[in-house]
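Participant: In the numbering used here, the protein residues as written are 214 to 814.
Structure below; questions to follow.
Now the structure itself:
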């Protein structure tokens, strides 16, 4: 099928994967990358295998195994997920691949949904694996089939770097025909190639180095880098990703012309950089996050004794953090080239928008768990937590640490090992527990930590878009499979206190947490209740609640519970419940005056 469709960037990437005739797709959900696998898994007719893996390391290894057998494979993740997958990544660079393998990593400048802003291009340089970086969703789609071909030509995986603006932007996409599959799927034994014992690794490392110049030459003329030299112009721009289009608009608004090099492939096109530097006196490098291109351009300029001034992040003209926009590019270009930019920027709005902090959904079971945790363990207890929508427990005073996926249990153990005498109660989500929490719990049990671990099992991977996980009994394509039981798994690791509770039953939850607190050793409490959004999608509805104003004393206790469905009427000095109420009834249990009741049918 060819034609033109209006698509989300991640959907366009998924289309590129199909056009590239993929055989195996694996990944772990993480915003802004999740929709790629979601889109592929929802296709009714597909001739490839697809899975949500338990973490990014496993996903990378699944894709690598498929490639070793000659299949074209893709693995997807967000930028912090590449840290988890870095172990196989670095050795895979030595080992190489057989079938084309594309590693799709979505970076998140400005930390829209992430705990850091790391730049995946650093991994490309570190591992010496080539990297492609699109500037538009159209280019993102078109790059994927090329990435397969590049990977197979040099028998090396290829990193594909997206960003939030590419993954979650939308545009019209020109579709291309789907390639026909031609590769034979067959694993051929070759210990010298596939077994990375030291003697083989020592041979493969020089091989990796030997192909770098050929890869660089291939990418130089690939078409993903675009060089425009403007005659008799002594200034130039080097840019990449979406920042390249911001830079072009900035030039238009400033009313100046400049030679322009747009980079979309790494290693960077050194010949093109030299051509630009030879024709200019001043160049500004415009790239989000790390000065990857800037640093390499300065090395090139030094090696050939160019006197071109190179501006960018090192001199503070452009920021090293956050997303760029046209105004940032205008300001940077103006500073570098000594231009007045006052008239070119968008006028700043004086209007102040109301603050809208993120909040757990009305009816979220985590809210009840956190409320009881704080009541049982006390405000002075230590509450390590993890990555998920439950991290919003910070607003309830029950999230004291958040480091990375699976770290809550390990951090809790470390705090205990340091000699902390306060009670320690950590929280971790169901998908996060499967991701990297299992080893952390095993370590805590083995090393005799005295902590309480609360597994928040809301029956889905909620924060990234409700993807299935091993605790749900469904695969990525929603086919039935084994449902991993948390209680049996934790018991098998040696946990002797393991209890399952329903957070909507606050009295029972309080009883279990009291006993968990008193238990000496690792106690595990599994707070099991389906995500309220997932339940609604499956047709599960509860009777909403309302406030009996005759009984309400205006104490605001229910407001402190933090549910968006509860408001306060300043005129009547009474609480009110709005239409967002999902009917969980937790607020009714905490109301001192029994003023919150079910709506009468």
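Backbone N, C-alpha and C fix where the C-beta goes; we use that ideal spot for every residue, glycine too.
Note that this is a predicted model, so its numbers are computed, not measured.
Could you give the DSSP three-state label for residue 454: helix, strand or coil?
Facilitator: As a first step, residue 454 is located in the chain shown; it is residue number 241 there, counting from the start. Helix, per DSSP.
Participant: Which runs of the beta strand (DSSP E) spanning at least 3 residues fall entirely within the stretch 661-705, listed in chain order?
Facilitator: Listed in chain order, they are 665-670.
Participant: Please report the distance separating the alpha-carbon of residue 416 from that of residue 408.
Facilitator: Translated into the one-based positions of the chain shown, residue 416 becomes position 203. Translated into the one-based positions of the chain shown, residue 408 becomes position 195. Residue 416 and residue 408: Cα-Cα distance of roughly 12 Å.
Participant: Assuming residue 367 and residue 290 make a contact with CB atoms under 8 Å, what is their CB distance in whole Å?
Facilitator: By 1-based counting over the chain shown, the position of residue 367 is 154. By 1-based counting over the chain shown, the position of residue 290 is 77. In fact, because the Cβ distance is near 22 Å, the residues do not count as touching under 8 Å.
Participant: For residue 739, list the residues DSSP reports as bridge partners.
Facilitator: Residue numbering aside, residue 739 sits at position 526 when the chain shown is read from its first letter. Note: residue 739 sits in a beta bridge opposite 668, 713.
Participant: Please give me, in chain order, every unbroken run of the beta strand (DSSP E) with length at least 3 that falls completely inside the stretch 484-535.
Facilitator: As far as the stretch 484-535 is concerned, its whole beta strand (DSSP E) runs of at least 3 residues are 495-499, 522-524.
Participant: Going by DSSP, what residues sit across from residue 221 in a beta bridge?
Facilitator: Working through the chain shown from its first residue, we reach residue 221 at position 8. Residue 221 pairs with 383.
Participant: For residue 750, which option in 673, 427, 529 has the closest C-alpha, if you only look at C-alpha atoms?
Facilitator: Stepping through the chain shown from its first residue, residue 750 is reached at position 537. The candidate whose alpha carbon is nearest that of residue 750 is 673.
Participant: In chain order, what residues of the same chain lie with their CB nearer than 6 Å to the CB of residue 533, ignoring the 5 residues before and after it?
Facilitator: Mapped onto the chain shown, residue 533 falls at position 320. The residues are 526.
Participant: Taking DSSP's pairing of strands, which residues face residue 812 in a bridge?
Facilitator: In the chain shown, counting from the first residue as 1, residue 812 sits at position 599. Answer by DSSP bridge pairing: none, since residue 812 is not bridged.
Participant: Could you name the residues of the same chain whose beta carbon sits closer than 8 Å to that of residue 717, not counting the 5 residues immediately before and after it, in chain order?
Facilitator: Your numbering for residue 717 matches position 504 in the chain shown. Contacts found: 578, 581, 742, 797, 798, 799.
Participant: State the CB to CB distance for the pair residue 352 and residue 384, rounded to an integer number of angstroms; the pair is presumed to be in contact (CB under 8 Å).
Facilitator: As a first step, residue 352 must be located in the chain shown, where it is residue number 139. As a first step, residue 384 must be located in the chain shown, where it is residue number 171. That belief does not hold up - the Cβ atoms of residue 352 and residue 384 are roughly 10 Å apart, past 8 Å.
Participant: Helix, strand or coil for residue 569, going by three-state DSSP, please let me know.
Facilitator: Your numbering for residue 569 matches position 356 in the chain shown. DSSP places residue 569 in coil when its eight states are reduced to three.
Participant: Which of the three DSSP states, helix, strand or coil, is assigned to residue 411?
Facilitator: Residue mapping note: residue 411 aligns to position 198 of the chain shown, counting from 1. In this structure, residue 411 counts as helix in the three-state DSSP scheme.
Participant: Give me the DSSP bridge partner(s) of residue 440.
Facilitator: Translated into positions along the chain shown, residue 440 becomes position 227. Answer is 474.
Participant: In whole angstroms, give me the CA-to-CA distance for residue 304 and residue 371.
Facilitator: In the chain shown, residue 304 corresponds to position 91, counting from 1. In the chain shown, residue 371 corresponds to position 158, counting from 1. Approximately 14 Å, taken between the alpha carbons.
Participant: Sorted by chain position, which residues of the same chain lie with C-beta nearer than 6 Å to residue 548's C-beta, five sequence neighbours on each side aside?
Facilitator: Locating residue 548 in the chain shown gives position 335, counting from the first residue. Cβ within range, chain order: 530.
Participant: Using CA atoms only, rank isn't needed, just tell me which of 503, 464, 511, 502 is closest to residue 486.
Facilitator: Reading the chain shown from its first residue, position 273 is the one you call residue 486. When each option's Cα is compared against that of residue 486, the closest is 511.
Participant: For residue 762, which three-state DSSP category applies?
Facilitator: Residue 762 sits at position 549 when you count from the first residue of the chain shown. Residue 762: coil per DSSP, three-state reduction.
Participant: Less than 7 Å between the beta carbons of residue 306 and residue 348, yes or no?
Facilitator: Against the chain shown, residue 306 aligns to sequence position 93. Against the chain shown, residue 348 aligns to sequence position 135. Cβ atoms of residue 306 and residue 348: not closer than 7 Å.
Participant: Which residues share a DSSP beta bridge with residue 615?
Facilitator: Within the chain shown, residue 615 is the residue found at index 402, counting from 1. Its beta-bridge partners are 598.
Participant: Run through the DSSP bridge pairs and tell me what residue 344 is partnered with.
Facilitator: Taking the chain shown and counting its residues from 1, the one referred to as residue 344 is at position 131. In the DSSP output, where bridge partners are listed per residue, residue 344 has 372, 479.
Participant: By DSSP, does residue 626 sit in helix, in strand, or in coil?
Facilitator: Counting from 1 along the chain shown, the entry for residue 626 is found at position 413. It is helical.
Participant: Can you check DSSP and say which residues form a bridge with residue 319?
Facilitator: Mapped onto the chain shown, residue 319 falls at position 106. Per DSSP, 291, 375.
Participant: Taking the C-alpha atoms as reference points, what is the distance between residue 418 and residue 309?
Facilitator: As a first step, residue 418 must be located in the chain shown, where it is residue number 205. As a first step, residue 309 must be located in the chain shown, where it is residue number 96. If I take the Cα positions, the gap works out to 10 Å.
Participant: Should residue 855 and residue 712 be called a contact, given that it needs their Cβ atoms to be closer than 7 Å?
Facilitator: The chain is shown from 214 up to 814; residue 855 falls before or after that span and cannot be answered.
Participant: Can you give me the start and stop residues for the beta strand (DSSP E) that residue 787 sits inside?
Facilitator: For the purposes of this step, residue 787 is taken as residue 574 along the chain shown, with counting starting at 1. 787-790 is the span of the beta strand (DSSP E), which, as asked, contains residue 787.
Participant: What is the DSSP secondary structure of residue 396, reduced to helix, strand or coil?
Facilitator: On the chain shown, position 183 is the one that residue 396 refers to. Coil.
Participant: Quick check: what's the CA-CA separation for residue 621 versus residue 576?
Facilitator: Numbered from its first residue, the chain shown carries residue 621 at position 408. Numbered from its first residue, the chain shown carries residue 576 at position 363. So the alpha carbons of these two residues sit roughly 24 Å apart.
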